[in-house]
Amino acid sequence: MPADITFYTNPMSRGQIARWMLEEVGQPYETVVLDYGDDGMKSADYMAINPMGKVPAIVHAGKVVTEAAAICAYLADAFPAAGLAPPTDSRSDYYRWLFFAAGPVEAAITNKALGFVVPEGRDRMAGYGTFDHAIDTLEHAVSVPAWICGNQFTAADVYVGAQVDWGLTFGTLPTRPAFEGYASRLRERPAYKRQKELDGALIAQMKKPA
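When the sequence shown is numbered by UniProt numbering, its final residue is 210 and no position is left out of the sequence of numbers.
This is the structure in structure tokens:
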């Protein structure tokens, strides 16, 4: 079956999140690997797709979607047979935690990695308040026996799970039993394993001496 999804990525980027979601969806897709330079993400051709000049992005049936969380939500709706979104009347936790991870958690982790600390008494101006508050709330979200939306694995688990998995792997999240348990369940998913294998092979190839 010909692919009607084109996936723009770099394996050393948040493109790993979008690939994981694509593997969960199970539809054929074409991968375009871009470097970070003027001939890749900053090229005129790619900037016409994403003016931010960053990956990931997908083009599906002529429609462009950027931002990893949006790609996850879009693909879940575009391919409902994959069962990656709850019924529309049961999406409160789905939307809540998907966008919490994409907003406050992403900002809190990035700012800490950059050495930025919210000045004392100014936490109301930051969408995440403080790093500790955001991470405690993330812990609450994943302190569940199965998945964000109960027994159904969804696109929210792909995005939240990627944040947790990455954070534990690279030390940007503290090690806590709830995070470890959630990550261990995610790492057993066949689509997660396929994504790691595919992106791992690309990274190895990119690191080979020219």
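Beta carbons are placed, not taken as given, at the ideal position from N, Cα and C, and that holds for glycine.
Closest by C-alpha distance to residue 213, when choosing among H60, V65, A61: Given a span of 1 to 210 for the chain in the structure shown, any question on residue 213 remains unanswerable.
Simplified DSSP state of Q152, which is helix, strand or coil: Counting from one through the sequence shown, the residue named residue 152 turns up at place 152. In this structure, Q152 counts as strand in the three-state DSSP scheme.
Can the beta-carbon of I58 be found closer than 8 Å to that of A113? Counting from 1 along the sequence shown, the entry for residue 58 is found at position 58. Counting from 1 along the sequence shown, the entry for residue 113 is found at position 113. The answer is no: Cβ separation not under 8 Å.
Cβ-based neighbour list, G40, same chain, cut-off 6 Å, excluding 5 preceding and 5 following: Taking the sequence shown and counting its residues from 1, the one referred to as residue 40 is at position 40. Closer than 6 Å at Cβ, skipping near neighbours: L34.
When the Cα atoms are used, what is the spatial distance from S143 to A3? Position 143 of the sequence shown, counted from the first residue, corresponds to residue 143. Position 3 of the sequence shown, counted from the first residue, corresponds to residue 3. Approximately 37 Å between the Cα atoms of the pair.
Entirely enclosed beta strand (DSSP E) segments - the UniProt domain "GST N-terminal" (2-83), minimum 3 residues: 5-9, 30-33, 57-60, 63-66
Would the region 8-23 and the region 196-204 be scored as touching if the rule is three or more Cβ pairs under 8 Å? yes
Taking C-alpha atoms, which residue in T154, E188, R185 lies nearest to A81? Position 81 of the sequence shown holds residue 81. Measuring from the Cα of A81, the nearest candidate turns out to be T154.
For the alpha helix (DSSP H) that S143 lies in, which residues bound it at each end? Numbered from 1 along the sequence shown, position 143 holds the residue referred to as residue 143. From DSSP, S143 is part of no alpha helix (DSSP H); its letter is neither H nor E.
Please name the residue, chosen from Q16, A183, R91, that lies closest to C149 on a Cα-to-Cα basis. If you number the sequence shown from 1, residue 149 lands on position 149. Of the candidates Q16, A183, R91, the one whose C-alpha sits nearest the C-alpha of C149 is R91.
Would you kindly work out how many angstroms separate the C-alpha atoms of M125 and A107, rounded to a whole number? Residue numbering aside, residue 125 sits at position 125 when the sequence shown is read from its first letter. Residue numbering aside, residue 107 sits at position 107 when the sequence shown is read from its first letter. The C-alpha of M125 lies about 13 Å from the C-alpha of A107.
Output the distance between the C-alpha atoms of P190 and D77, rounded to the nearest integer angstrom. Here residue 190 refers to the residue found at position 190 when the sequence shown is read from its first residue. Here residue 77 refers to the residue found at position 77 when the sequence shown is read from its first residue. Going from the Cα of P190 to the Cα of D77 covers about 21 Å.
Please return the same chain residues whose Cβ sits closer than 7 Å to the Cβ of T175, not counting the five positions on each side in sequence. Within the sequence shown, the letter at position 175 stands for residue 175. If we look at T175 and ignore the five residues flanking it on each side, its Cβ neighbours are L168.
Cα-Cα, which of L202, A178, K208, A183 is closest to V32? As a first step, residue 32 is located in the sequence shown; it is residue number 32 there, counting from the start. It is L202 whose Cα lies nearest to the Cα of V32.
Hey, how far is the Cα of I102 from the Cα of P119? Numbered from 1 along the sequence shown, position 102 holds the residue referred to as residue 102. Numbered from 1 along the sequence shown, position 119 holds the residue referred to as residue 119. The displayed chain sequence assigns Ala, not Ile, to residue 102. Taking the straight line joining both Cα atoms gives about 23 Å.
Does DSSP put F179 in a helix, in a strand, or in coil? Your numbering for residue 179 matches position 179 in the sequence shown. Correct three-state label for F179: helix.
Opening and closing residue of the alpha helix (DSSP H) in which Y128 lies: Here residue 128 refers to the residue found at position 128 when the sequence shown is read from its first residue. Note, Y128: premise wrong, no alpha helix (DSSP H); not H, not E.
Exposed or buried, Y128, counting other C-beta atoms within 10 Å across all chains shown (16 or more means buried)? Translated into the one-based positions of the sequence shown, residue 128 becomes position 128. Result: buried.
With DSSP run on the structure shown, which of helix, strand or coil describes T172? As a working note, residue 172 is residue 172 in the sequence shown. Correct three-state label for T172: coil.
What residue does the alpha helix (DSSP H) around residue 222 start on, and which one ends it? No statement about residue 222 is possible, as the shown extent of the chain runs from 1 to 210 and does not include it.
Return the residue from the list A204, A183, L84, P209 that minimises the CA-CA distance to A156. Here the question's residue 156 lines up with position 156 in the sequence shown. The residue with the shortest Cα to Cα distance from A156 is L84.
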